[in-house]
Structure formats: structure tokens, C-alpha cells
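Residues in the sequence shown are numbered from 27 upward in steps of one, following the working numbering.
Cβ atoms here follow ideal geometry from the backbone N, Cα and C, with glycine treated the same way.
This structure is a prediction, so every number in the text was calculated from the model and none was measured.
Working notes, beginning with the structure itself.
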Amino acid sequence: MCPGSRAVCELVITGDEFWCQCHFPGYPVMPGVLLIEAMAQTAALAAGGVAEGKLPLLTGVRKARFAAQARPGAVLTIEAELGRSRGQFGTASGRVLAADGSKLAECELTFALLPQEQAQVNARA
Numbered sequence: 027m028c029p030g031s032r033a034v035c036e037l038v039i040t041g042d043e044f045w046c047q048c049h050f051p052g053y054p055v056m057p058g059v060l061l062i063e064a065m066a067q068t069a070a071l072a073a074g075g076v077a078e079g080k081l082p083l084l085t086g087v088r089k090a091r092f093a094a095q096a097r098p099g100a101v102l103t104i105e106a107e108l109g110r111s112r113g114q115f116g117t118a119s120g121r122v123l124a125a126d127g128s129k130l131a132e133c134e135l136t137f138a139l140l141p142q143e144q145a146q147v148n149a150r151a
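This is the structure in C-alpha cells:
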């Protein structure tokens, strides 16, 4: 993990996503927890652990803020930048931007990069 490493992903909300029918009926809005998950997955890409045989696991979310809604038809840019790390643990900041560059959401993330074998053992416990 290298502090300052970044990853950027794009997500197009088509309206066919599973949550569009129930969150909220007649007025679909992407759930905030899925925006956080998108930032966490982007941070995992920045950490690069998968390529090294490690599994990135989200361990915490802080300072989550939601400024606007993500709705069908939106093209989102998800950005994550790694912060400090110690051993197998690290931090990242994430944000979700609308096509016009306005911020929809942001948060601070903590995560662990575990060897895949160790992650599988922990999952069974």
C-alpha cells in the first residue's frame, strides 16, 4: 500500500438495478450504503492487494456525508485515495461525483489487506 495511490471508477445507473424497485417505489434513489460500498471497492483497487493474493476487507467508515441523490440516468465518478497504512491495515478517503463534478458523497474508510487463506479462516469462525 502506497499512501497517495489513487483509483477512479465510473458507474452508470441504468434504472435496472435491484434497488430501483424498492428504494423508493416511484422515486428510485441509490442507497447511501451502496455509495459507500462503491467507494470501498474503489479503495480496494487503489490498494492493489488482490493482485498480490490478498483480500481487502472493509473495517470501518467514518465521516460519511451525502450531499445529493444518485438517481437512474446518472453517470458517477468514484474516487479513492489511500492514506496512511500500518502493517496490513490502511486508510482511504473516497468521494462520489456527479457528471458535472459536484460531490454526491464522501467518507473516510479503514480496511485490512489479509492473505486470502487467513480471510477464509476468519469467515468460518
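- Between Ala118 and Ala72, the CB-CB gap stays under 8 Å.
- In the DSSP assignment, Glu134 falls within the unbroken beta strand (DSSP E) covering 129-141.
- Contact annotation, Leu130 with Ala96: C-beta distance approximately 6 Å; criterion of less than 8 Å satisfied.
- As DSSP reads the structure, Ile104 sits in a beta bridge with Cys35, Val122.
- Excluding residues up to 5 positions away in sequence, Pro82 lie with their Cβ nearer than 6 Å to the Cβ of Ala70 in the same chain.
- Around Gly41, the same chain offers Pro54, Pro98, Gly99 as residues with beta carbons nearer than 8 Å, after the five sequence neighbours per side are excluded.
- Non-local beta-carbon contacts of Ala33 in its own chain, meaning distances under 6 Å to residues more than five positions away in sequence, involve Thr68, Leu71, Ala72, Ala106 in chain order.
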